[in-house]
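**Q** Numbered by UniProt numbering, the letters in the sequence shown go through residues 1 to 576 in order. Input: one structure, supplied below.
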Amino acid sequence: GSEGSFEINNTTGAISVTKSPNQLKKEVYELKVQASEVSLEGDTSVYAFAMVTIRVVDLNNHPPTFYGESGPQNKFELTMYEHPPEGEILRGLKITVNDSDQGANAKFNLRLVGPGGIFRVVPQTVLNEAQVTIIVENSAAIDYEKFKVLTFKLLAIEVNTPEKFSSTADVVIHLLDTNDNVPKFSSDYYIARIPENSPGGSNVVAVTATDPDSGLWGEVKYSIYGTGADLFLIHPSTGIIYTQPWAVLDAEVNSKYNFYVKAEDTDGKYSLAEVFITVLDVNDHSPEFNENIQEKTMIIGSPVKIEAIDQDAEEPNNIVDYSIMQADPANVFDIDQSTGEIKLKSYIRSLDIIHNITKNKDCIWSLVVQAKDRGSPSFSTTAVLKIDITEETLHKGPMAAFLMQTKDNPMKALGVLAGVMGIMVLITIMISTAMFWRNKRSNKITPVRRIIKKRQIPQSRTVRMEWLKFKRPSNAAEKFVVEDDAKSLHNENSNNNIQVAPIPPPTAPLPPPPPALAPKGDPPMWRVPTVSGSLTPKFKNKQLKKKSHSSTHSALVSELKMKFEKRNAAMGDPHI
């Protein structure tokens, strides 16, 4: 049972190992030993057997060892692109780890020492031997711009042995760059100022963008675009913005420009920044009067105003100060430095005082007025102002004062007059519109509304029939009353919904003509009105009854009858 691993001394009985202990394949060997008695003749006639058990006990005398493709190795290198996918295995690394001890002495842990959270090693616990696998855990951290080379220590350390044997291997990862970055400006916006009238090609501002990628991916090209970029150019490599050779910057025309600049790499990735340019005003305009020689009329107690305009864009270049350069005599007028209002000295309150000052009876004086800006250098201009001084002798009031003030400016008076007329027309239109809508919402036939208010409770059918019988005229007075009432009702309502039978006019007393009676068998036809519903026979029946029983109405009828008779007699036709 020795399997060639053990031998025994035939004299002493000592058992020894014939191989290296590391080469023993079994932990327990069962040996059968025979002892024989040797006779004088050399024969082994008597013998005995015994079983010998040999246990091979491992000594912890081997640390874990890393192996590469060519044998034991303590450094492993790999080249890879940055930002690999998470969970990817680094297949370029061929690493094997082994511990030649047996049992618990061959159990050890694997650990990756270096920048944390980037890679992890599998397996973490090994018994005797295993293939080592390294897996990507954080892709963003594998950045060429941060680390060109990543270096780790692969550590294998025994677990349950008192010796804690261990070994290490270096893992070196060389990263390759990819175009994973966009050019980035040093600022999101740039503010620049340039004086107006600067020559073409003047530098304005320099923008800067960087791309951390290497090689061609890190080269940046600048361009410019936008509605405000017509007067400007940018150098494609340096980022310097300058004016067009033909550009003329004028703060009075346009003092603000803004546009965008783009930084782009060779792969088309880009970023933008905004540029704001302010054209600084230069005092290149002098104040200007509307006319170099002006005439104005001054009423004693009221000022006159002269005005000059400076076309510069900013203060103080466009602020104008006024002064009187020449006047004869010099102590008659004062001028407001800021507004340009000219007025007489406070002690001059009448023309008599002016006549005492000068012998000029026309009271037309000439002044030389200067308008000067506050720029540096300062510019100025002058104008001659002829002032006709007069005293207000007309009707004193706001209208007279206004007419005098607008004497030199008739367009102002016309404008005020047009404004007043426009307001009056607007008020008239508003009133007319209000009246139109009020009449549109109300009933236009006013008498009908009044009759409706006076309408009584409807009477029975019998009463209406009695009224139809009463319609037959009994005397001339009643005929007259009925005709007058019907006419008035007809004219008031302006409609012909009610058909009234024609009644002949009253006749002269001598000889009285026979009254025209309606046919007995054909009573007048009455219709119920559809629109003017208030004109019903009920109202006339009521009025007829009142007039027939009233003495006052009888007297009135008699008087009216006499008037008609006189008129007919005068005209010579008693039947009209």
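Glycine included, every Cβ here is placed at the ideal spot set by N, Cα and C.
(1) Do the region 236-247 and the region 183-202 make contact, defined as three or more Cβ pairs closer than 8 angstroms?
(2) Would you give the residue range spanned by the alpha helix (DSSP H) that residue 432 belongs to?
(3) With a threshold of 6 angstroms on Cβ separation, who are the neighbours of residue 120 within its own chain once the five nearest residues in sequence on each side are excluded?
(4) Quick one: grab the DSSP three-state call for residue 21.
(5) Taking only runs that begin and end inside the UniProt domain "Cadherin" (291-400), name each unbroken beta strand (DSSP E) of 3 or more residues, in chain order.
(6) Count the other CB atoms within 10 Å of the CB of residue 582; is the residue buried (16 or more) or exposed (fewer)?
(7) Mapping DSSP to helix, strand and coil, what is residue 168?
(8) Kindly list the residues whose CB is nearer than 8 angstroms to the CB of residue 112, restricted to its own chain and excluding five residues on each side of it in sequence; keep chain order.
(9) Please classify residue 10 as buried or exposed, where buried requires at least 16 other C-beta atoms within 10 Å of its C-beta.
(10) Among residues of its own chain, excluding the 5 on either side of residue 182, which ones have a beta-carbon nearer than 6 angstroms to its beta-carbon?
(11) For residue 10, which three-state DSSP category applies?
(12) Buried or exposed: where does residue 287 fall if 16 or more other Cβ atoms within 10 Å of its Cβ makes it buried?
(13) Report the rounded CA-to-CA distance for residue 556 versus residue 566, giving the unit in angstroms.
(14) So if DSSP puts residue 578 in a beta bridge, which residue, or which two residues, is it bridged to?
(15) Checking 8 angstroms against the spacing of the C-beta atoms, do residue 165 and residue 158 come in under that value?
(16) Give me the DSSP bridge partner(s) of residue 567.
(17) Could you compute how far the alpha carbon of residue 224 sits from the alpha carbon of residue 262?
(18) With residue 369 and residue 348 assumed to form a contact (beta carbons below 8 angstroms), what rounded beta-carbon distance in angstroms separates them?
(19) Would you kindly work out how many angstroms separate the C-alpha atoms of residue 351 and residue 341, rounded to a whole number?
(20) Give the single residue among 70, 141 and 91 whose Cα lies nearest to the Cα of residue 82.
(21) Alpha carbons only, please: which of 220, 248, 227 and 247 is nearest the one belonging to residue 235?
(22) With 16 other CB atoms within 10 Å as the buried threshold, where does residue 47 fall?
(23) Nearest-angstrom Cα distance between residue 87 and residue 139?
(24) Alpha carbon to alpha carbon, how far is residue 291 from residue 307?
(25) Which same chain residues, not among the five before or five after residue 15, have their C-beta less than 6 angstroms away from its C-beta?
(26) Leaving aside the five residues before and after residue 144 along the sequence, list all residues of the same chain whose C-beta is less than 6 angstroms from its C-beta, in chain order.
(27) Specify, as a first and last residue, the run of the beta strand (DSSP E) that residue 243 falls within.
(28) Would you decide whether residue 426 is buried or exposed? Buried here means 16 or more other CB atoms lie within 10 Å of its CB.
(29) Suppose contacts are defined by Cβ-Cβ distances below 8 angstroms. Is residue 378 in contact with residue 313 by that definition?
(30) Might you give, ordered along the chain, the residues of its own chain that have their beta carbon closer than 8 angstroms to the beta carbon of residue 78, omitting 5 neighbours on each side?
(31) In terms of DSSP beta bridges, what is residue 131 paired with?
(32) So, with DSSP's three-state summary, where would you put residue 269?
(33) Per DSSP, what are the beta-bridge partners of residue 194 in this structure?
(34) Only counting the same chain, and skipping five residues up and downstream in sequence, which positions put a Cβ closer than 8 angstroms to that of residue 469?
(35) Can you grab the Cα-Cα spacing for the pair residue 3 / residue 22, in whole Å?
**A** Answer, in terms of the structure:
(1) Touching, per the Cβ criterion.
(2) Here residue 432 corresponds to residue number 432 of the sequence shown, with the count starting at 1. Taken as a continuous stretch (DSSP letters only), the alpha helix (DSSP H) holding residue 432 covers 410-441.
(3) Position 120 of the sequence shown, counted from the first residue, corresponds to residue 120. Within the same chain, residue 120 has close Cβ partners 135 and 137.
(4) As a working mapping, residue 21 is identified with position 21 in the sequence shown. DSSP, reduced to helix, strand and coil, places residue 21 within a helical segment of the structure shown.
(5) Secondary structure remark: continuous beta strand (DSSP E) runs of at least 3 residues inside the UniProt domain "Cadherin" (291-400), in chain order: 293-299, 320-327, 333-335, 341-344, 364-373 and 380-390.
(6) The requested residue 582 is not part of the displayed model; the chain covers only 1 to 576.
(7) The residue labelled residue 168 in the question sits at position 168 within the sequence shown. DSSP places residue 168 within a strand segment (E or B) once states are collapsed to three.
(8) Numbered from its first residue, the sequence shown carries residue 112 at position 112. Contacts found: 119, 120, 121, 134, 152, 153, 154, 155 and 171.
(9) Counted from its first residue, the sequence shown places residue 10 at position 10. So residue 10 ends up on the exposed side.
(10) Working through the sequence shown from its first residue, we reach residue 182 at position 182. For residue 182, where only same-chain residues beyond five positions count, the Cβ hits under 6 angstroms are 269 and 271.
(11) Stepping through the sequence shown from its first residue, residue 10 is reached at position 10. Coil at residue 10, not helix or strand.
(12) Residue numbering aside, residue 287 sits at position 287 when the sequence shown is read from its first letter. The residue is buried, with at least 16 neighbouring Cβ atoms inside 10 Å.
(13) Position 556 of the sequence shown, counted from the start, is the residue given in the question as residue 556. Position 566 of the sequence shown, counted from the start, is the residue given in the question as residue 566. C-alpha separation (whole angstroms): 16 angstroms.
(14) Residue 578 lies beyond the residue range present for the chain, which begins at 1 and ends at 576; the question has no answer from this structure.
(15) Indexing the sequence shown from 1 puts residue 165 at position 165. Indexing the sequence shown from 1 puts residue 158 at position 158. In this structure, the beta-carbon distance from residue 165 to residue 158 falls below 8 angstroms.
(16) On the sequence shown, residue 567 is found 567 positions in, with the first residue counted as 1. None; residue 567 has no bridge partner.
(17) Taking the first residue of the sequence shown as position 1, residue 224 is located at position 224. Taking the first residue of the sequence shown as position 1, residue 262 is located at position 262. Looking at the backbone, the Cα of residue 224 and that of residue 262 are separated by about 6 angstroms.
(18) For the purposes of this step, residue 369 is taken as the residue at position 369 of the sequence shown. For the purposes of this step, residue 348 is taken as the residue at position 348 of the sequence shown. Contact doesn't hold; Cβ gap of about 19 angstroms is too wide.
(19) Here residue 351 refers to the residue found at position 351 when the sequence shown is read from its first residue. Here residue 341 refers to the residue found at position 341 when the sequence shown is read from its first residue. Cα atoms of residue 351 and residue 341: separation of roughly 20 angstroms, rounded to the nearest angstrom.
(20) Reading the sequence shown from its first residue, position 82 is the one you call residue 82. Proximity to residue 82 across 70, 141 and 91 peaks at 141, based on C-alpha coordinates.
(21) For this step, residue 235 is matched to residue 235 along the sequence shown. When each option's Cα is compared against that of residue 235, the closest is 220.
(22) Here the question's residue 47 lines up with position 47 in the sequence shown. Flag for residue 47 reads exposed.
(23) Here residue 87 refers to the residue found at position 87 when the sequence shown is read from its first residue. Here residue 139 refers to the residue found at position 139 when the sequence shown is read from its first residue. Going by the C-alpha atoms only, they are around 9 angstroms apart.
(24) Your numbering for residue 291 matches position 291 in the sequence shown. Your numbering for residue 307 matches position 307 in the sequence shown. Straight-line Cα distance between these residues: approximately 10 angstroms.
(25) In the sequence shown, the residue the question calls residue 15 occupies position 15. Result list for residue 15: 6 and 8, in chain order.
(26) Locating residue 144 in the sequence shown gives position 144, where the first residue counts as 1. These residues qualify, in order along the chain: 82, 175 and 177.
(27) Residue mapping note: residue 243 aligns to position 243 of the sequence shown, counting from 1. Per DSSP, residue 243 belongs to the beta strand (DSSP E) from 240-243.
(28) In the sequence shown, residue 426 corresponds to position 426, counting from 1. Burial check for residue 426: the Cβ neighbour count within 10 Å stays below 16, so the residue is exposed.
(29) For the purposes of this step, residue 378 is taken as residue 378 along the sequence shown, with counting starting at 1. For the purposes of this step, residue 313 is taken as residue 313 along the sequence shown, with counting starting at 1. Not in contact: residue 378 and residue 313 (Cβ atoms no closer than 8 angstroms).
(30) As a first step, residue 78 is located in the sequence shown; it is residue number 78 there, counting from the start. Within the same chain, and ignoring the five residues on either side of residue 78 in sequence, the residues whose Cβ sits closer than 8 angstroms to its Cβ are 90, 92, 93, 171, 172, 173 and 174.
(31) The residue you call residue 131 lines up with position 131 of the sequence shown. BP columns for residue 131 point to 96.
(32) The residue labelled residue 269 in the question sits at position 269 within the sequence shown. Here residue 269 sits in coil by DSSP.
(33) For the purposes of this step, residue 194 is identified with residue 194 of the sequence shown, where counting begins at 1. Answer is 279.
(34) As a first step, residue 469 is located in the sequence shown; it is residue number 469 there, counting from the start. With a pLDDT of 45 at residue 469, under the threshold of 50, the predicted position of this residue should be treated as unreliable, though the coordinate-derived value follows. Nothing meets the Cβ criterion.
(35) Within the sequence shown, numbered from 1, the residue matching residue 3 stands at position 3. Within the sequence shown, numbered from 1, the residue matching residue 22 stands at position 22. Computed Cα separation, rounded: 15 angstroms.
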